[in-house]
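Inspection log for the structure reproduced underneath, given as structure tokens.
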Amino acid sequence: MDAILIGLAAFLVLGSVAALEMTHLLSAVITIGVVGMGLSILFLLLGAPDIAITQVVVEVIVVTVMIRAATRTGHEEVGRPRSVRTVLAGLGAALILVGVALAAFAALPAFGAPRRSPSDWYLAEALRETGAANVVTSIVLDFRGYDTLGEATVILVAIAGTLVIARHLAGDRMVDGDPPGASAATSLTSSGEEAPRA
Amino acid sequence: MRSDRDGLSVIVQVVARWILVLILVYGLGVAFFGHLTPGGGFAGGVVIACGFVLATLAFGGRTGPAAAFYRWVASLEALGAMTYLGMAALGWTAGHFMQAWTPRGDAFTLASAPFLVVVNLAILLKVGAGLFAGFMVLVLFDRSAGSLHDGKGEA
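Chains as they are written, first to last, in the numbering used here: chain U, 333 to 530; chain W, 13 to 167.
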């Protein structure tokens with residue numbers, strides 16, 4: 333089991349690096365999708381089906397959006413070769429990070445064996461206290477409802493901000509709820525991002 | 013992609029029509045039974061949003077079913093947020109904010125935790141509508157007139 337997890341984790345690291353290094357934009361986006369799917373398999377193997385489902389569906393929609401966006405920018409190739417100094421600095425930073433992380437992990441309880449904590453009580457009493465057979469939901473929506481309310485607020489604010497800025501940039505007025513671009517389409521020239529005509 | 017029709021080819025549209033039903037039912041199921049099985053309002057909402065993204069890509073951004081849905085997106089997201097907040101505030105009638113105040117049915121049934129079901133559905137509305145609105149604005153925006161998503165040229 334450990335070997336599978338370590339292999340999968342190494343695959344994820346390799347995939348992430350590959351996605352960074354690829355110059356072909358669409359290939360990089362697809363590689364990110366592969367990494368996301370691998371991550372969801374990792375969650376599944378670790379016994380967290382709730383997170384695995386969420387990871388899969390979020391990955392699907394994010395990759396769809398990114399592919400759509402990548403094919404519309406008009407740039408097929410991105411990035412430029414790095415200097416030796418940049419690569420060395422990056423490797424050094426990564427080494428320091430790994431060292432600090434290893435030191436920090438040594439101080440943590442063993443993997444999968446937490447110290448006595450509220451989680452024991454949650455596991456034992458969730459069904460009786462909340463009526464939810466899925467302990468994850470009982471914690472997320474009941475015991476820790478405040479957290480989820482805050483998370484929902486974050487999403488609301490993030491999407492509201494995105495809509496305001498993107499509509500403003502594209503000159504969409506959304507007067508009567510038309511889909512984007514249905515009102516007078518003004519091409520985006522100020523930010524220099526205008527896509528070439530296909 | 014550039015043709016008189018809005019959206020993608022007929023093959024894609026026919027297949028999408030069938031798959032859409034499955035996607036939407038799956039999303040609703042994940043959210044409705046989030047307190048019994050893995051999943052929940054967030055995952056269900058993202059699945060629903062995926063369904064509408066598929067509809068947008070297959071049938072076009074302006075005339076397809078997704079375009080009709082887009083008119084309601086702001087209202088639906090607000091409804092979801094207000095429902096969540098309202099359910100949490102009604103907890104004061106039973107004690108404190110965010111208290112599960114609804115009566116509870118038998119364990120392992122849909123009615124075992126009505127509070128959680130309603131909150132899950134509120135999150136489904138909020139996440140589904142919000143993500144779909146983000147998709148429409150980020151991806152399908154008509155930055156250059158005559159964009160890829162409809163092929164009809166100047167608006």
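Glycine included, each C-beta is placed from N, C-alpha and C at the ideal position.
Values in this document were obtained by computation on a predicted structure and should not be read as measured data.
Same chain, Cβ closer than 8 Å to residue i, five either side skipped, listed in chain order
i                            : result
histidine 47 of chain W      : Ser124, Ala125, Leu128, Val129 and Asn132
phenylalanine 109 of chain W : Ala100, Ala101 and Gly103
methionine 369 of chain U    : Val388 and Glu391
aspartate 508 of chain U     : Any reading at aspartate 508 of chain U must be qualified, since the residue scores a pLDDT of 46, below 50, and its modelled position is unreliable; the value itself is stated next. Contacts found: none.
alanine 471 of chain U       : Reading off the sequence shown, one finds isoleucine at residue 471 of chain U, where the question assumed alanine. These residues qualify, in order along the chain: Tyr454 and Ala458.
7 Å Cβ cutoff, residue i in contact with chain U
i                            : result
arginine 29 of chain W       : no
alanine 55 of chain W        : yes
valine 33 of chain W         : no
histidine 108 of chain W     : no
phenylalanine 147 of chain W : yes
proline 50 of chain W        : yes
serine 124 of chain W        : yes
alanine 101 of chain W       : no
leucine 128 of chain W       : yes
CB contact below 7 Å: residue i versus chain W
i                         : result
threonine 405 of chain U  : no
isoleucine 471 of chain U : no
aspartate 479 of chain U  : no
leucine 423 of chain U    : no
isoleucine 491 of chain U : yes
glycine 524 of chain U    : In this prediction, glycine 524 of chain U scores a pLDDT of 39, lower than 50, which makes its location untrustworthy; no coordinate-derived value is stated.
glycine 463 of chain U    : yes
alanine 498 of chain U    : yes
Cβ pair residue i, residue j closer than 7 Å
i                            : j                           : result
valine 361 of chain U        : glycine 347 of chain U      : no
glycine 56 of chain W        : valine 65 of chain W        : no
valine 467 of chain U        : alanine 456 of chain U      : no
alanine 141 of chain W       : leucine 88 of chain W       : yes
threonine 355 of chain U     : glycine 411 of chain U      : yes
leucine 357 of chain U       : alanine 402 of chain U      : yes
phenylalanine 120 of chain W : alanine 465 of chain U      : yes
alanine 134 of chain W       : threonine 95 of chain W     : yes
tyrosine 38 of chain W       : valine 59 of chain W        : yes
glycine 19 of chain W        : phenylalanine 71 of chain W : yes
glycine 63 of chain W        : leucine 32 of chain W       : yes
isoleucine 393 of chain U    : alanine 61 of chain W       : yes
serine 372 of chain U        : alanine 380 of chain U      : no
proline 50 of chain W        : aspartate 382 of chain U    : yes
Minimum Cβ-Cβ distance from residue i to chain A less than 7 Å
i                      : result
proline 381 of chain U : No chain A is part of this structure, whose protein chains are labelled U and W.
Simplified DSSP state of residue i, which is helix, strand or coil
i                         : result
glutamate 461 of chain U  : helix
histidine 407 of chain U  : coil
histidine 500 of chain U  : helix
methionine 506 of chain U : Low per-residue confidence applies at methionine 506 of chain U: pLDDT is 48, beneath 50, and the placement is therefore not dependable, though the value from the model is reported in the following sentence. The answer is coil: DSSP assigns methionine 506 of chain U none of H, G, I, E or B.
Rounded C-alpha distance that separates residue i from residue j
i                         : j                         : result
threonine 469 of chain U  : glycine 52 of chain W     : 7 Å
alanine 90 of chain W     : leucine 143 of chain W    : 13 Å
valine 139 of chain W     : methionine 398 of chain U : 18 Å
leucine 495 of chain U    : valine 149 of chain W     : 7 Å
leucine 429 of chain U    : valine 419 of chain U     : 15 Å
proline 446 of chain U    : leucine 427 of chain U    : 28 Å
leucine 374 of chain U    : proline 77 of chain W     : 36 Å
threonine 485 of chain U  : tryptophan 113 of chain W : 22 Å
methionine 506 of chain U : alanine 498 of chain U    : Per-residue confidence for methionine 506 of chain U stands at a pLDDT of 48, beneath the threshold of 50, marking its modelled position as unreliable; no derived number is given.
glycine 117 of chain W    : leucine 36 of chain W     : 27 Å
alanine 86 of chain W     : valine 345 of chain U     : 38 Å
serine 21 of chain W      : tryptophan 30 of chain W  : 15 Å
glutamate 483 of chain U  : valine 489 of chain U     : 10 Å
7 Å Cβ shell around residue i - same chain, five flanking residues per side excluded
i                         : result
isoleucine 336 of chain U : Leu377
proline 441 of chain U    : Arg447
leucine 317 of chain U    : Because residue 317 of chain U is not part of the residues shown, which for chain U are 333 to 530, the question remains open.
glycine 463 of chain U    : none
Same chain, Cβ closer than 6 Å to residue i, five either side skipped, listed in chain order
i                      : result
glycine 364 of chain U : Looking at the sequence itself, residue 364 of chain U is isoleucine, so the reference to glycine does not match. Hits under 6 Å: Ala351.
glycine 92 of chain W  : Ala134, Leu137 and Lys138
heavy atom of the ligand FMN below 6 Å from residue i C-beta
i                     : result
serine 415 of chain U : Ligands displayed in this structure: none; no statement on the ligand FMN is therefore possible.
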